[in-house]
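Encoded as structure tokens, the structure appears first; notes follow it.
Residue numbers (this note's numbering): 77 to 1265.
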């Protein structure tokens, strides 16, 4: 259902809101809603119904649009000429709806031809045209002077027929010296007004008081009403009446007659005499309630005084006042509930009706529209409408209270010319009330019956060489219609025969259906022909039916036999294949021949006329089957030539001869090798291509690997230089594990810095420290006076050629700078007692092929363990598999992937796939079972099992040219090692030589023909079949199927022995492979030559620098200063220093001190060293090498 809202303004009071509703039923087209103020003059504009409902004025006029109302009064009329709605009668909102809001009335606009129904709702907007009014102009009250302050006196409220803001908004009491006014809202929308005594009354001072009560509404302009209250002050009256109940509740049926007692209000007064007499009255209630109920002044009985209607109001509230003669009063509430009764039967109104309907009307055609209304409410007002059964009509509810009668089946005038349709409307009351209404519908006739032939297929015979105009036979058709609709004419349907119109061969008499020959027939040219005759009636539109007539031409004996198989072609090489394991009686082939003659002239016999080896084959006399008459041996020639003669039984007999070529071989390649030798060349090309591709792949891999290694080394060295020379962190000295203190003091100051010389390119590589030329350790003699000594160390700490770095666990043994000791640890996995009760069990589901380190789950959280427990309990994983797929991170309490998980390798075809292990904790012992369910990922493409592709494949399957539609060529068989929907396979034909000839089964992979094979189809057919799985993303495999469309092997050989294209393709492929291999090899060799050249150059430079036989002449920087003043140093000192593990393999470079200090020696020292600040570093120039601390 679609809604469209349209809003417009016309003048200060007029508003238009249209709701267009489109329903499924054609009878109920739309619904519109308008808003107009009350009291509009006759002829005032309401809305443009034609525009708002999408209708044009012509449709309103042709459809005889009119307004249908439910009540006796029609407030709105339709101007069909303009398509507008106008006010027809003055609308008084108060008269129409009373206090009900919102106030609206509805009607329908109906159109005919076709029937269309539109619901229109008009909302009447209230205007302030009524003033508030009180029931009386004056109110007289008698109040005793002894009444205490706070005593309340109820007053009758005013009434304003308007609603909303135009209704009464406030009350005002003047003057307010002794009394104040209190107003309370009631559930039914009314107001309860009470006057409250504020100051005591004194009869001696003022015996009477006059007050004015003013009621005002909120409309524009404001309106008001007044009532005067006259109060007489009486002498003392001690007690006021007291009601027995504060609230009375009663029920009354809506059909209760006048005078029915509803309830009785009772009040007592403790005073005696006149002051104790109580009277009852109904005060300050709505005018409608006063008209429906009355109270007995003396007894307090409340009776029905008018006609109650549950549909108008379900609840009434009365305020009953009890007053004594001394002026004292009290009030109580009486709530009366009106009970609904089912007192109204449904009313059926025929809104629209067509007395006749055509028998070819479609299902769902609208026949009539009825309105069903029940004046009751609730369950009593719910109506169910139905029609009599066993008729092709149904009833549907379109709008509220509207029903549409539509056709619900096929109408046939010949069976039922008319129908009596009865509508039944039943409400849901108890007891239910119902109403019936019957209408008569006539079915009009149409030409709905086509002529019917006595037979759908005829067959007749005619001898050849007949005379033109010869009558063959006649056809006849009947029509069940009458009159002109039953008159049948016979026509010949125009078709083609041998490129000529069929009318040049046969003619049909239009009146009686006699078929005549238009020419003489020749059996050798036309053996039979099919003609189509149409019988057409005279209806409008005309109906027709067809019949087929097969005309057989009878033959005379004037033709020799014709051999159909094997077909003789000039390029025949091999016709049939016989395996060498063929037994006696093996069927080689069958000679098939026909004789276009008939009778005994067409009886054929077969004889073997000539043969390469007559002792090997024989021919069946009657059936033409060629079979072996002995066991085939290896000595039999591959080529066998047979000459078979076919004779008919005519006088004189006629014959035909056929040559059958037979190949005695076990496989098709043997046949090819006998006639064409391409196998060796193809195998050679295939091998050459394979080795070229392999060589190209290997060289490319080596070249790329070389590039990656070079780039990685460069990046690593650059990163090391950045970390080493540009770090802002303090330098912490590191001591090797085999460090020894030669002075025996056990301590050294770790802040010494050394000024060293370096090569100019040391900034571009790792910082490495050169090893001493001899195994000496520089020591200091405490007793020396500025000289240094050297001793022989037992062994260099890095004397091994390629000693790896040793990693051990550091375990402190003390504090204050002690080195401590290293301790080796070996983790021993004690066997777990399987008999322990499993403390907990969890299960995770992950996809296969997750990366190492991927999160599986939070074991600590899922098992309710904290991280401290995991660490203290030395939590670890115990698994039965040889591979530990998972790892437990005890610092985070999470389980991560440790090894690549392959679902197919782990479980194969088993589903679901899972593995389990235990998490064990100690102190106390806990065992938790963990199960990992592996979800399959689509990581394997389909594998084609059949057909198997080999390098020497030429023809895979053979299809005879006589193959019918749906002929099974072959079947593609594939499997997928994945599971679930990832293993569901579908087969599609991707490419084909002729897409109109073959199709592939989507689910089973069967390749079948989709049309008849013809002589025009190419012998060589190449099909590309793609096999896809159902994974996301899907994976596929492709297989090439070669098909030969031929009846014998000669055709296949002549087509498939042409390898020119394949050879050209192989030559081009070989050329490009050789070219690519040469380019990649050149680049790889060039790269190796450059690398080796650089290495040799650097090696030669290092040999010149460090291994020269010339004496070493010390070099001092220009700004060098001798801090001891001696001016000399011994130049033969060797230094044992620490190095990186691979420093032996690169140039020797020296790092610079972290601070600008020069190590000096105090002659008077006793084994300690001092340092002084140099004025400037010897390597302080901008282009100085890398600085290392």
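For every residue, glycine included, the Cβ atom is placed at its ideal position computed from N, Cα and C.
* To do: Provide the residue span of the alpha helix (DSSP H) that contains residue 127, from first to last.
  => Translated into positions along the chain shown, residue 127 becomes position 51. Counting along the chain, the alpha helix (DSSP H) containing residue 127 begins and ends at 125-128.
* Go ahead and label residue 350 buried or exposed: buried means 16 or more other beta carbons lie within 10 angstroms of its beta carbon, across all protein chains shown. => Residue mapping note: residue 350 aligns to position 274 of the chain shown, counting from 1. For residue 350, the number of other beta carbons within 10 angstroms of its own is below 16, and it is reported as exposed.
* Are there 16 or more other CB atoms within 10 angstroms of the CB of residue 494, so buried, or fewer, so exposed? -> Along the chain shown, read from residue 1 onward, the residue named residue 494 stands at position 418. Burial call: exposed.
* Asked: Which residue spans inside the segment 488-528 form an unbroken beta strand (DSSP E) run of at least 3?
  -> Counting whole runs of 3 or more residues, the segment 488-528 contains the beta strand (DSSP E) stretches 494-503 and 510-520.
* **For residue 444 and residue 433, the rounded distance between their alpha carbons** => Counted from its first residue, the chain shown places residue 433 at position 357. Counted from its first residue, the chain shown places residue 444 at position 368. Distance from the CA atom of residue 433 to the CA atom of residue 444, rounded to whole angstroms, is 11 Å.
* Under the DSSP definition of a beta bridge, which residues are partnered with residue 460? -> Translated into the one-based positions of the chain shown, residue 460 becomes position 384. Here residue 460 is bridged, per DSSP, to 502.
* Any chain C beta carbon closer than 8 Å to residue 124 -> The structure shown contains no chain C, having only a single protein chain.
* Asked: Taking all protein chains shown into account, do 16 or more other C-beta atoms lie within 10 angstroms of the C-beta of residue 241, making it buried, or fewer, making it exposed?
  -> Locating residue 241 in the chain shown gives position 165, counting from the first residue. Classification of residue 241: exposed, given that the 10 Å Cβ count is below 16.
* Note down, in chain order, each residue of its chain lying with its Cβ closer than 6 Å to the Cβ of residue 1036, except the 5 sequence neighbours on either side. => Within the chain shown, numbered from 1, the residue matching residue 1036 stands at position 960. Closer than 6 Å at the Cβ level, and outside the excluded window around residue 1036, lie 1123.
* Asked: With DSSP run on the structure shown, which of helix, strand or coil describes residue 918?
  -> Along the chain shown, one-based indexing puts residue 918 at 842. It is a strand residue.
* Would you tell me roughly how many angstroms separate the C-alpha atoms of residue 209 and residue 362, rounded to the nearest one? => Position 133 of the chain shown, counted from the first residue, corresponds to residue 209. Position 286 of the chain shown, counted from the first residue, corresponds to residue 362. Taking the CA atoms as reference points, residue 209 sits about 12 Å from residue 362.
* To do: Quick one: measure Cβ to Cβ for residue 733 and residue 721, integer angstroms, because I've assumed they're closer than 8 Å.
  => Looking up residue 733 in the chain shown gives position 657. Looking up residue 721 in the chain shown gives position 645. Contact holds; Cβ gap of about 5 Å.
* Own chain, CB closer than 7 Å to residue 447, minus 5 neighbours either side, in chain order -> Working through the chain shown from its first residue, we reach residue 447 at position 371. So the list reads 425, 427, 477 and 478, once near-sequence residues are dropped.
* Asked: With distances taken from CA atoms, which of 1018, 200, 472 and 252 is nearest residue 1059?
  -> Numbered from 1 along the chain shown, position 983 holds the residue referred to as residue 1059. Looking at 1018, 200, 472 and 252, the one whose alpha-carbon comes closest to that of residue 1059 is 1018.
* **Simplified DSSP assignment, three categories, for residue 171** => Residue 171 sits at position 95 when you count from the first residue of the chain shown. DSSP places residue 171 in helix when its eight states are reduced to three.
* Quick one: give me the first and last residue of the alpha helix (DSSP H) that residue 982 is part of. => If you number the chain shown from 1, residue 982 lands on position 906. Element bounds for residue 982: 979-983.
* Supposed close pair residue 535, residue 487 - CB separation, criterion 8 Å -> Stepping through the chain shown from its first residue, residue 535 is reached at position 459. Stepping through the chain shown from its first residue, residue 487 is reached at position 411. Rounded, the Cβ-Cβ distance is 39 Å, inconsistent with contact.
* **Collapsed DSSP secondary structure at residue 1144 in the structure displayed** => The residue labelled residue 1144 in the question sits at position 1068 within the chain shown. In the structure shown, the three-state DSSP call for residue 1144 is helix.
* **Limits of the unbroken beta strand (DSSP E) element including residue 410** => Residue numbering aside, residue 410 sits at position 334 when the chain shown is read from its first letter. Note, residue 410: beta strand (DSSP E), 405-415.
* Less than 8 Å separating the beta-carbons of residue 945 and residue 1003? -> As a working note, residue 945 is residue 869 in the chain shown. As a working note, residue 1003 is residue 927 in the chain shown. By the CB criterion at 8 Å, residue 945 and residue 1003 fall outside the cutoff.
* Asked: For residue 589 versus residue 551, is the C-beta distance shorter than 8 Å?
  -> Walking along the chain shown from the start, residue 589 turns up at place 513. Walking along the chain shown from the start, residue 551 turns up at place 475. In terms of Cβ geometry, residue 589 and residue 551 form a close pair [threshold 8 Å].
* Give me the Cβ distance between residue 561 and residue 622, rounded to the nearest whole Å; I'm assuming they're in contact under 8 Å. => In the chain shown, residue 561 corresponds to position 485, counting from 1. In the chain shown, residue 622 corresponds to position 546, counting from 1. About 18 Å; that fails the 8 Å criterion.
* Asked: So, helix, strand or coil for residue 938, using DSSP?
  -> Taking the chain shown and counting its residues from 1, one reaches residue 938 at position 862. Look at residue 938 here: in three-state DSSP terms it is helix.
* To do: Over the uninterrupted beta strand (DSSP E) stretch that includes residue 289, give me the two end residues.
  => Within the chain shown, numbered from 1, the residue matching residue 289 stands at position 213. Unbroken beta strand (DSSP E) run through residue 289: 284-293.
* Asked: How about the segment 377-389 and the segment 321-341: do they share at least three Cβ pairs that are nearer than 8 Å?
  -> Pairwise C-beta distances place the segment 377-389 in contact with the segment 321-341, as three or more of them are shorter than 8 Å.
* Environment of residue 1285 [buried if 16+ CB atoms lie within 10 Å] -> The question about residue 1285 has no answer here: the residues shown for the chain are numbered 77 through 1265.
* Asked: In terms of DSSP beta bridges, what is residue 429 paired with?
  -> Numbered from 1 along the chain shown, position 353 holds the residue referred to as residue 429. Looking at the DSSP assignment, residue 429 forms a beta bridge with 444.
* Asked: residue 1105 and residue 1014: beta carbons closer than 8 Å?
  -> Along the chain shown, read from residue 1 onward, the residue named residue 1105 stands at position 1029. Along the chain shown, read from residue 1 onward, the residue named residue 1014 stands at position 938. Annotated as proximal: residue 1105 and residue 1014, with beta-carbon spacing under 8 Å.
* Label residue 604 either buried or exposed according to how many other C-beta atoms from any shown protein chain fall within 10 Å of its C-beta, with 16 as the threshold for buried. => On the chain shown, residue 604 is found 528 positions in, with the first residue counted as 1. Counting of Cβ neighbours within 10 angstroms places residue 604 among the exposed residues, the total staying below 16.
* To do: Report buried or exposed for residue 1061, applying the criterion of at least 16 other Cβ atoms within 10 angstroms of its Cβ.
  => By one-based count along the chain shown, residue 1061 stands at place 985. A residue is called buried when at least 16 other Cβ atoms come within 10 angstroms of its Cβ; residue 1061 meets this threshold and is buried.
* **Span separating the alpha-carbon of residue 302 from that of residue 342** => As a position in the chain shown, residue 302 is number 226, starting the count at 1. As a position in the chain shown, residue 342 is number 266, starting the count at 1. In this structure, the alpha-carbon of residue 302 lies about 32 Å from that of residue 342.
* **Option nearest residue 540 by Cα separation, candidates 388, 593 and 607** => Position 464 of the chain shown, counted from the start, is the residue given in the question as residue 540. The option with the nearest alpha carbon to residue 540 is 593.
* Relative to the alpha-carbon of residue 1268, which residue among 986, 1121, 969 and 389 has its alpha-carbon at the smallest distance? -> Here the chain comprises residues numbered 77 to 1265, so residue 1268 is not present and cannot be evaluated.
* Asked: Which term fits residue 330, buried or exposed, when burial requires 16 or more other beta carbons within 10 angstroms of its beta carbon?
  -> Residue mapping note: residue 330 aligns to position 254 of the chain shown, counting from 1. With 16 or more other Cβ atoms inside 10 Å of its own Cβ, residue 330 counts as buried.
* Per-residue DSSP class, three states only, for residue 597 -> Counting from 1 along the chain shown, the entry for residue 597 is found at position 521. Residue 597 sits in coil when the DSSP states are folded into three classes, being neither helix nor strand.
* Where does residue 1096 fall in DSSP's three states? -> Counting from one through the chain shown, the residue named residue 1096 turns up at place 1020. Assigned with DSSP and collapsed to three states, residue 1096 falls in strand.
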